[in-house]
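**Student:** If you use my numbering, the sequence shown corresponds to residues 66 to 285, in order.
Here a beta-carbon is modelled for each residue, glycine too, at the ideal position from N, C-alpha and C.
Provided herewith is a single structure, encoded as structure tokens, for subsequent inquiry.
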Amino acid sequence: MVDTNHKIAFCIDSDGCAMDTMTYKHQLFFGPIAADIFGISEQERTSFLKEWDRVNLYSRTRGVNRFVGLVMGLEFAGVEHIDKLKEWVETTDSLSNNSLELALANDFSRDLEKALEWSNEVNRQIKNYEGDSLAFSGVLESLERLSQFGNVYVVSSANKEAVWQEWEEQGLLKYVDDIYCQDRGKKEDVIATLIASGYCRETILMVGDSLGDLAAAEQN
66 MVDTNHKIAF CIDSDGCAMD TMTYKHQLFF GPIAADIFGI SEQERTSFLK
116 EWDRVNLYSR TRGVNRFVGL VMGLEFAGVE HIDKLKEWVE TTDSLSNNSL
166 ELALANDFSR DLEKALEWSN EVNRQIKNYE GDSLAFSGVL ESLERLSQFG
216 NVYVVSSANK EAVWQEWEEQ GLLKYVDDIY CQDRGKKEDV IATLIASGYC
266 RETILMVGDS LGDLAAAEQN
């Protein structure tokens, strides 16, 4: 049940917006693990990882969902036999591991299996990462201030367990009313849910660092 005690909802993206985590996650985990699991050759690995960083960090597609970014990277590398993965990415209501598991159970394919293996391994390695996952300067104070005027929601396309752990370690959760991650739908669907729960669209603010965040707001 969404708490609409306040009339204003602040939807805060996590990676790259509140948390300074995007660069290391892509350069240490997302890209290299994709190269390993999908068999990118040593000769092509450097160009693949450079394109991966461009798509996910240094272009207008920054912050795109992991599975969308995966397809873009694999297409760049000319990886074949990913039709089922592309179809799922284009048609699913939830770009998440749970949704991918259901798709695999209904119609097995090797590309879907590899995508799930990749996503699970990324989650595992990020969870075990011992480096610092720090909030940007001023985030704690900003969340405290925002919570005085409205409800604060984390709205992220990332894995919920990772987001929860990072925000908890940084002491940010005390100002958060709920967390919406990939397991609860796309960002635009989350905003639509908030509107359906009683918020006016004019009093919902989506705070993010990518065009995907802007698109989620504009679609509502």
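On the three-state DSSP scale, how would you describe TYR303?
**Tutor:** What is shown of the chain runs 66 to 285, which leaves residue 303 out entirely.
**Student:** What residue from THR156, GLU182, LEU276, ALA99 has the CA that sits closest to GLU140's CA?
**Tutor:** Ranking THR156, GLU182, LEU276, ALA99 by Cα distance to GLU140 puts ALA99 first.
**Student:** Just to confirm the assignment: which complete alpha helix (DSSP H) runs, minimum length 4, are found wholly within the segment 98-123?
**Tutor:** Here the runs fully enclosed are 107-121.
**Student:** Let me know if THR156 comes out buried or exposed under the rule of 16 or more other beta-carbons within 10 Å of its beta-carbon.
**Tutor:** By the neighbour-count rule (16 or more Cβ atoms within 10 Å), THR156 is not buried but exposed.
**Student:** Looking only at C-alpha atoms, which of GLN284, GLY273, GLU283 sits nearest to GLY128?
**Tutor:** It is GLY273 whose Cα lies nearest to the Cα of GLY128.
**Student:** Identify, in the order they occur along the chain, each residue of the same chain with its Cβ nearer than 8 Å to the Cβ of ASP118, setting aside the five sequence neighbours on each side.
**Tutor:** Within the same chain, ASP118 has close Cβ partners HIS91, GLN92, GLY96.
**Student:** Buried or exposed: ASN193, going by 16 or more other Cβ atoms within 10 Å of its Cβ?
**Tutor:** The residue is exposed, with fewer than 16 neighbouring Cβ atoms inside 10 Å.
**Student:** I need the straight-line Cα distance from ASN185 to CYS76, nearest angstrom please.
**Tutor:** Each residue's Cα considered, the two are about 26 Å apart.
**Student:** Less than 8 Å separating the beta-carbons of LEU316 and LEU181?
**Tutor:** With the chain covering 66 to 285 only, the question about residue 316 has no answer from this structure.
**Student:** Is SER79 near SER221, with beta carbons less than 8 Å apart?
**Tutor:** Yes, the Cβ-Cβ distance between SER79 and SER221 is below 8 Å.
**Student:** On the DSSP bridge list, what partners appear for VAL272?
**Tutor:** Paired residue(s): ILE77.
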